[in-house]
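Colleague: Right, I'll just put the structure down here and ask away after.
Chains as they are written, first to last, in our numbering: chain E, 1 to 239; chain S, 1 to 239; chain G, 1 to 239; chain Y, 1 to 239; chain F, 1 to 239; chain R, 1 to 239.
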């Protein structure tokens, strides 16, 4: 139950994803054939906050007295994971999707924020929302609830399941009001490039629609509109 | 997979429903014995926006390469449905209730708005919410999510299932913060009349309660309070 | 189907819970081994409103013509329950978790408010949300929906199931943005004491974290930090 | 939490339903406009056993130490309900649909059988299935599971919710491999008559289909086939 | 709401799938990248019966008086679909997954069988199971239930959604105790070839395991075991 | 992702549980305050088979190309777990409860059986049921389905979540027609003792009921019946 080493991505990779939406990133990953890259059923507790950072993972299991005793004899994996966080990291928690208890609350969130973490993603509920909503920390979860967690943290920095997605330590986590996208490092540069191109194209297409064009031929874009777009790009970047 | 003709309702019918809430319309339809007239599980993405218009329907099925190829060889039914929209229409989409992909996004919403549509109702999720929330278009859906749709549009203007309701092309769609009510044209005039009467009566009953009356006899209204109400109406409309 | 007598708690008990969060109350009840004390799946319709009061319970069952006739021949249990309310009471409704109809609406809510009730908790949906959100009444429910209820009120002031919790008449109901906690009278004084102590301790622990401490040893609090806390309390309360 | 008196139906009423299937009974009740008369999600634990009897109802709620203590100080409502059973009765249990515990097991089933009960219907799970399957007692439930019930019996012979149906004490309970139908006494004679007529007609229609007829005109039966049927009935009953 | 023409597959195609299991067919389709080819949540009502045939599709929507009247004025699409069946066809029904009513029963099943259909697949429940289990017809459905269907048949031989799968008229339907696989004609020959090869290989691999081999290298099969397999095939077909 | 060492229980411990039902074991664990000890939603694929053995655990996560490549470069954890099995072991698999793919099939089951394993428990579906039902291996799972698994095996012999239960390597797994109970080694001897006592007592209580006693006082057993039972035990064991 120790932490496996992983390589944090180069800052330029995060930089490249700065303007990318979770929908565009997901569109790119879908095109690349990468499945299970989006958390389904999670929502931003504070709508409007964007999240971008590097995954540190944490896994919970149902509690039992003998396991609880063994875990508490050492340092709890949840605490180790939090102390492991570096500025810009995102703690991603497999809490089995359970919303009958809050798996993290105000105290843990305070330390997570002090570590400079970019945010918190929980496949389950969190608690102390009356307090959490006064903090700056972007939190994505299934919801909020009062009771303490019926689970125990058992491992950190292992591959986890989070709301339908696979999350590996070191993955890039991108959250906005559509939800949370998980971007493997190996695809991140391509995702950034393709997603930005797609968004740029969409701006152009929406502009055409706002000028009164029919959607037929415009979206999904046909060859003619693509040529128009290329021409427009050359004009705008050109002499 | 072509569009069946249908008669749009007279403007007066829409006018008559202008002040009616979805709850009052549903109350009237329930009284008339019309089942399956309310979308269950949909919410306004932008609370506070009212929706009233005429249904144009669109049906999705799970994707498959051979069907995708055949559909794309012609014009996609989703695009035909959007171009079919007239000012005041509502695009109502059977997306099988699926929230693992966004079945419409910013580009399609832009064209829907340009067509003068009254709004969009989706039994499933939409995507690009960070953009959609800046538009004026009332959207009712199960939620928002980043990934592209795993479905294909297969037919439009056929009777569809939408979140527990039947929707036929030409039905009147009435949405507010309680949700979305589907009003068949044949009942619409009666719905408008009965719903407005019920709301007027409820204003009176609430007034009596605000004056300190017991709810017993007042709601559901007994004969005595109904007589009081009739008397009050005659006074207010009278000489 | 009559009301059983129950003792309302002393005002001091409510007073003691005034500053307690539903999460802290749930934490205390969990420690005391009291299960089934939290409503799962309910949310505040008007976030930010706190609820604290004494439970009056109401139970619904699916409708049927013969039962409807019998119930309407007398006074409906829902109306009796509402008239039974005293200032500070909370009407807690077992509506079988159903969200395909709104079990209470604007008229009933108006009378509930006029009775001085502290709020309304419904395991199911309510209707007329466009109106309800203009009222002052704290309402916790599964959601909002337009159609009338497909259920009938059948009993009041009996023990009920509400969203996973047991609610008995006279229980204390504490709601905030985390949800709704049900506090049995017999445990209420202890809950207030333990929850306030826990919250006071957590303020101290968060302060330590804000000063840059590691979470290890601080939360869950080890012996050293507990001694620090005791020392700090004595200083602050001391002469 | 005492038993309300109710009138058991005349034996002739049960006799009349002896040959009726739960599907035919449900068809008749649907035609009469009686909703909520069928238990959804229950299955016969021992397929092939038919159940017909009179409902005695029992209601469970989530457990809590104070309620448990109060209930055990008197006689548990579950035991009172079982002792209340007369030969031919069916114990119908609202166990909140929960399958995380078995609400009745081998010991209670033994006494239920000794009382001459016609069977047991549980909206939830039962336990001790290795033993129960050796008994003669028809049991309909959501499933089987090992843990004891997390619920408490709180009332008997009150109207209950059972798997989507309303069950009142004295209702007729008819179970077969399709599931469990709840027949109110007031409709039972008409249900028996209409259901038997429908089944007789269906035998005739199936015979016509087995002779090679097209289903068009035969089912749903048109006027011509109905005349044929009448003629055939007169022939078979005639001189 | 008329039937689109489609080409039934050559008998040799069906012949080639005769020995293929639904699991092997699904394995092949997964390898070919064909998604949405398996019905999830359906089970054989009569375990042990195999189903193989050509899809005729039927689509239901929630009922409403005006639609019911219009449909009944002509011939119901369900009846047209049944009469359209040729020997070896399979009627595949999108009944919205609903199990609160039985969408087909004994009479319709009788005619389906008389038409020589290979079987029936329903995304929803069927009724009259006490009768259906005495018939020879393989039926795959979500379950059985007594009440009549709350839906209306609205179209046939259009692409439908069935339990997570896409079904187009003319698709090959292959059912066994694992469930129902939908094989598009365009892939059917390749599915048959690859699935039979895979099953043949698996027989060999299981034989090796029964001889005591470790599973490592054997499954998934490594190069060495594949060479062994090729050698064994040549031996058995050779000389 | 390697196997942690654990101590298999002494054979006498398994021996002591030989006659204990999963319901009785769960009853004992509930009394001891051990939560999360029963798998909810799993059923025996071959009813009537009993399972008793020692847990070897295996954990799956959603697939992704980079993880798949890394895992396949070494030996898959699923294969390592199977080869790790000793006679009498039970492979317990966290497959995230997913039934859209079969996580183990005929080939893996064959090797599991060859290793002398006592059985297989899967929180998810298995495939190749037409083959599996011809084997001797007791399998408990959520169901059967044809498609291959959409998951990857990622670790073995770590604590896992299985259908609501915690399973640690070395736990005792006891399955029968009620389902699967997870017995921690530390409690196993006490579970065996208490469960056998409870079952012996229940035999006595059922005998009393079969003699015509009222259930009141007999179950739950009062003091008088307990004294009778003690007397009866002394008689039967005595001179």
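A virtual CB, placed ideally from N, CA and C, is assigned to each residue, including glycine.
Could you please give the first and the last residue of the uninterrupted alpha helix (DSSP H) stretch that includes residue 32 of chain R?
Modeller: Walking along the sixth chain from the start, residue 32 of chain R turns up at place 32. Premise fails: residue 32 of chain R is in no alpha helix (DSSP H) and is neither H nor E.
Colleague: In the region 112-130 of chain F, which residues sit with their C-beta less than 7 Å from some C-beta in chain R, listed in chain order?
Modeller: Here the close residues number zero.
Colleague: Should the region 83-101 of chain F be regarded as contacting the region 51-67 of chain F, the criterion being three or more beta carbon pairs within less than 8 Å?
Modeller: Contact holds: three or more Cβ-Cβ distances are below 8 Å.
Colleague: Using Cβ-Cβ distances below 8 Å, what residues of the region 27-40 of chain G are close to chain Y?
Modeller: From the region 27-40 of chain G, only 33, 34, 35, 36, 37 have a Cβ closer than 8 Å to chain Y.
Colleague: Where do the ends of the alpha helix (DSSP H) carrying residue 136 of chain S lie?
Modeller: The count along the second chain starts at 1 and reaches residue 136 of chain S at position 136. Premise fails: residue 136 of chain S is in no alpha helix (DSSP H) and is neither H nor E.
Colleague: Within 10 Å of its beta-carbon, does residue 210 of chain E have 16 or more other beta-carbons around it, so buried, or fewer, so exposed?
Modeller: As a working note, residue 210 of chain E is residue 210 in the first chain. With fewer than 16 Cβ atoms within 10 Å of its Cβ, residue 210 of chain E is classed as exposed.
Colleague: For the region 169-189 of chain F, which residues have a beta carbon sitting closer than 7 Å to at least one beta carbon of chain S?
Modeller: Cβ contacts with chain S: 184, 186.
Colleague: In three-state terms, what does DSSP make of residue 65 of chain S?
Modeller: Indexing the second chain from 1 puts residue 65 of chain S at position 65. Looking at residue 65 of chain S - three-state DSSP - the assignment turns out to be helix.
Colleague: Could you name the residues of the region 146-163 of chain S whose beta carbon sits closer than 7 Å to any beta carbon of chain F, in the order they occur along the chain?
Modeller: Result list: 154, 155, 158, 159, 160, 161.
Colleague: With 16 other CB atoms within 10 Å as the buried threshold, where does residue 239 of chain Y fall?
Modeller: Indexing the fourth chain from 1 puts residue 239 of chain Y at position 239. Any reading at residue 239 of chain Y must be qualified, since the residue scores a pLDDT of 49, below 50, and its modelled position is unreliable; no value is offered.
Colleague: Is any beta-carbon of chain S found at less than 8 Å from that of residue 240 of chain G?
Modeller: Beyond the ends of chain G as shown, which are 1 and 239, falls residue 240 of chain G; an answer cannot be given.
Colleague: Compare the C-beta of residue 21 of chain G against all C-beta atoms of chain E and say whether one is closer than 8 Å.
Modeller: Position 21 of the third chain, counted from the first residue, corresponds to residue 21 of chain G. Judged by the 8 Å Cβ criterion, residue 21 of chain G is in contact with chain E.
Colleague: How about the region 32-52 of chain R and the region 136-156 of chain Y: do they share at least three Cβ pairs that are nearer than 8 Å?
Modeller: Yes, the region 32-52 of chain R touches the region 136-156 of chain Y.
Colleague: In angstroms with no decimal places, state the Cα-to-Cα distance between residue 79 of chain F and residue 110 of chain R.
Modeller: Here residue 79 of chain F refers to the residue found at position 79 of the fifth chain. Here residue 110 of chain R refers to the residue found at position 110 of the sixth chain. Taking the straight line from one Cα to the other gives about 47 Å.
Colleague: Can you give the Cα-Cα distance for residue 68 of chain S and residue 191 of chain E, rounded to whole angstroms?
Modeller: Taking the first residue of the second chain as 1, we reach residue 68 of chain S at position 68. Taking the first residue of the first chain as 1, we reach residue 191 of chain E at position 191. Residue 68 of chain S and residue 191 of chain E: Cα-Cα distance of roughly 24 Å.
Colleague: Just list the residues that DSSP pairs residue 216 of chain E with in beta bridges.
Modeller: Sequence index remark: in the first chain, residue 216 of chain E carries index 216 (1-based). Per DSSP, none; premise fails for residue 216 of chain E.
Colleague: With residue 149 of chain E and residue 101 of chain E assumed to form a contact (beta carbons below 8 Å), what rounded beta-carbon distance in angstroms separates them?
Modeller: Taking the first chain and counting its residues from 1, the one referred to as residue 149 of chain E is at position 149. Taking the first chain and counting its residues from 1, the one referred to as residue 101 of chain E is at position 101. So it is a contact: roughly 4 Å between Cβ atoms.
Colleague: What did DSSP end up calling residue 1 of chain F once you bin it into helix, strand or coil?
Modeller: Here residue 1 of chain F refers to the residue found at position 1 when the fifth chain is read from its first residue. The pLDDT assigned to residue 1 of chain F is 40, lower than 50, so where the model puts this residue is not dependable; a value taken from the coordinates is nonetheless given after this. Coil, per DSSP.
Colleague: Which residues of chain G have a Cβ atom closer than 7 Å to the Cβ of residue 56 of chain E, listed in chain order?
Modeller: Looking up residue 56 of chain E in the first chain gives position 56. Those do not exist, as residue 56 of chain E stays about 14 Å from chain G at its closest Cβ, beyond 7 Å.
Colleague: Mind pulling the chain A residues with CB within less than 7 Å of residue 96 of chain Y?
Modeller: Of the protein chains in the structure, E, S, G, Y, F and R, none is chain A.
Colleague: So, for residue 227 of chain F: in the same chain, excluding its five sequence neighbours on each side, which residues have a beta-carbon less than 6 Å away from its beta-carbon?
Modeller: For the purposes of this step, residue 227 of chain F is taken as the residue at position 227 of the fifth chain. For residue 227 of chain F, where only same-chain residues beyond five positions count, there are no Cβ hits under 6 Å.
Colleague: Cβ of residue 103 of chain G within 8 Å of Cβ of residue 139 of chain G?
Modeller: Start at 1 with the first residue of the third chain, and residue 103 of chain G comes out as number 103. Start at 1 with the first residue of the third chain, and residue 139 of chain G comes out as number 139. For residue 103 of chain G and residue 139 of chain G, no; Cβs fall outside 8 Å.
Colleague: Should the region 26-39 of chain Y be called in touch with the region 10-19 of chain G, which here means at least 3 C-beta pairs below 8 Å?
Modeller: The answer is no - the region 10-19 of chain G does not touch the region 26-39 of chain Y, with fewer than three Cβ pairs under 8 Å.
Colleague: Within a Cβ cutoff of 8 Å, which residues of the same chain sit near residue 22 of chain E, ignoring the five residues on either side of it in sequence?
Modeller: The count along the first chain starts at 1 and reaches residue 22 of chain E at position 22. Taken in chain order, the residues that qualify are 38, 174, 175, 176, 178, 179, 180, 181.
Colleague: Please name the residue or residues paired with residue 175 of chain E in a DSSP beta bridge.
Modeller: Along the first chain, one-based indexing puts residue 175 of chain E at 175. Bridge partners of residue 175 of chain E: E/51, E/180.
Colleague: Measuring only the C-alpha atoms, how far is residue 155 of chain Y from residue 24 of chain G?
Modeller: Within the fourth chain, the letter at position 155 stands for residue 155 of chain Y. Within the third chain, the letter at position 24 stands for residue 24 of chain G. Near 32 Å, if we compare the C-alpha coordinates of residue 24 of chain G and residue 155 of chain Y.
Colleague: According to the Cβ coordinates, are residue 29 of chain R and residue 187 of chain R closer than 8 Å?
Modeller: The residue you call residue 29 of chain R lines up with position 29 of the sixth chain. The residue you call residue 187 of chain R lines up with position 187 of the sixth chain. Yes, the Cβ-Cβ distance between residue 29 of chain R and residue 187 of chain R is below 8 Å.
Colleague: Taking C-alpha atoms, which residue in R/112, R/137, R/107, R/169 lies nearest to residue 220 of chain F?
Modeller: Within the fifth chain, numbered from 1, the residue matching residue 220 of chain F stands at position 220. Among R/112, R/137, R/107, R/169, the Cα nearest to that of residue 220 of chain F is on R/107.
Colleague: When the Cα of residue 172 of chain F is compared with those of F/166, F/135, F/184, F/165, which residue comes out closest?
Modeller: The sequence position of residue 172 of chain F within the fifth chain is 172, counting from 1. For residue 172 of chain F, the nearest C-alpha among the options comes from F/184.
Colleague: Going by DSSP, which residues form a beta bridge with residue 103 of chain R?
Modeller: The residue you call residue 103 of chain R lines up with position 103 of the sixth chain. Answer is none; residue 103 of chain R lacks a bridge partner.
Colleague: Taking the CB atoms as reference points, tell me whether residue 48 of chain S and residue 114 of chain G lie closer together than 8 Å.
Modeller: Residue 48 of chain S sits at position 48 when you count from the first residue of the second chain. Residue 114 of chain G sits at position 114 when you count from the first residue of the third chain. No; because the gap between Cβ atoms is not below 8 Å, this pair is not in contact.
Colleague: Mind checking residue 72 of chain Y: buried by the 16 CB within 10 Å criterion, or exposed?
Modeller: Counting from 1 along the fourth chain, the entry for residue 72 of chain Y is found at position 72. Its Cβ having fewer than 16 others within 10 Å, residue 72 of chain Y is exposed.
Colleague: Compute the distance between the beta-carbons of residue 82 of chain Y and residue 225 of chain R, then report whether it is under 8 Å.
Modeller: Position 82 of the fourth chain holds residue 82 of chain Y. Position 225 of the sixth chain holds residue 225 of chain R. Contact: no.
Colleague: Which value, in whole angstroms, describes the spacing of the CA atoms of residue 129 of chain E and residue 204 of chain E?
Modeller: For the purposes of this step, residue 129 of chain E is identified with residue 129 of the first chain, where counting begins at 1. For the purposes of this step, residue 204 of chain E is identified with residue 204 of the first chain, where counting begins at 1. Each residue's Cα considered, the two are about 41 Å apart.
Colleague: Taking only beta-carbon positions, decide if residue 2 of chain Y is within less than 8 Å of chain F.
Modeller: Mapped onto the fourth chain, residue 2 of chain Y falls at position 2. Unreliable placement is indicated for residue 2 of chain Y, whose pLDDT of 44 sits below 50; the coordinate value is still reported in the next sentence. It does not: the Cβ of residue 2 of chain Y has no partner Cβ on chain F nearer than 8 Å.
Colleague: Please tell me whether residue 225 of chain F has its Cβ less than 8 Å away from any Cβ of chain Y.
Modeller: The sequence position of residue 225 of chain F within the fifth chain is 225, counting from 1. Not closer than 8 Å to any Cβ of chain Y, the Cβ of residue 225 of chain F fails to qualify, so no.
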